[in-house]
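Trainee: Would you mind keeping the following structure in view while I ask a few things?
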Amino acid sequence: MKKFNLPFDIGQDYEIWEFDLEVMNVERIPNYDSYLYLEEVKIFLNHYSDKAELIFYWDRLEAVILTFFHIEMKTIEEIKSILKYKYHFPIYELHTNYEVYEYHAGELQLFLILKKPNTLVIIYGNSNCLEEIKSSILEEISH
Numbered sequence: 060m061k062k063f064n065l066p067f068d069i070g071q072d073y074e075i076w077e078f079d080l081e082v083m084n085v086e087r088i089p090n091y092d093s094y095l096y097l098e099e100v101k102i103f104l105n106h107y108s109d110k111a112e113l114i115f116y117w118d119r120l121e122a123v124i125l126t127f128f129h130i131e132m133k134t135i136e137e138i139k140s141i142l143k144y145k146y147h148f149p150i151y152e153l154h155t156n157y158e159v160y161e162y163h164a165g166e167l168q169l170f171l172i173l174k175k176p177n178t179l180v181i182i183y184g185n186s187n188c189l190e191e192i193k194s195s196i197l198e199e200i201s202h
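Here the working numbering is used: the first residue of the sequence shown is 60, the next is one more, and so on.
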């Protein structure tokens, strides 16, 4: 993604983080492995996430899910503003319980999912697998 300092670089090898990961019982995509990142949570656009999930295919990082619980609306608007500035016009969907914003930068894709009132989920990674991950997250949110 254009000049973003992403907390985890897509395409890197599993062995970089293997001692900082815990296997999750969730299989968001068949044949992909999901791990919870156990170390100090990484920063995304100057904000600390509460939870980070890394998704690998074979031993290659394909996607990252960052979750922010109890996030202030002011912070959400700041993140949306930065993303809009970098990527101009996002594609968005408004639903009763959540909003979805979609941004593209080459092969990378980023989803910002706002679960009302104050949970934010950021998904970014290889665009080949993100639609399935987004669907999995939205299914969780809907229940």
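In this text, a Cβ means the ideal position worked out from N, Cα and C, and glycines have one as well.
Quantities reported herein were computed from a predicted structural model and do not represent experimental measurements.
#1: Residue 79 and residue 97: beta carbons closer than 7 Å?
#2: Assuming residue 96 is part of the beta strand (DSSP E), what are its boundary residues?
#3: Which ranges does the alpha helix (DSSP H) cover as unbroken runs of at least 4 residues, wholly within the stretch 115-152, from first to last along the chain?
#4: Assuming residue 95 contacts residue 112 (C-beta within less than 8 Å), just tell me the rounded distance between them.
#5: Would you call residue 184 buried or exposed, if buried means 16 or more other Cβ atoms sit within 10 Å of its Cβ?
#6: For a quick check, are the C-beta atoms of residue 161 and residue 149 less than 7 Å apart?
#7: Could you check what DSSP says for residue 103 in three-state terms: helix, strand or coil?
#8: Need the endpoints of the alpha helix (DSSP H) that residue 193 sits in, please.
#9: Provide the residue span of the beta strand (DSSP E) that contains residue 168, from first to last.
Mentor: To lay it out plainly:
#1: Going by C-beta atoms, residue 79 is nearer than 7 Å to residue 97.
#2: 91-96
#3: 132-146
#4: 6 Å
#5: buried
#6: Cβ distance < 7 Å, so residue 161 and residue 149 count as in contact.
#7: strand
#8: 186-201
#9: 167-174
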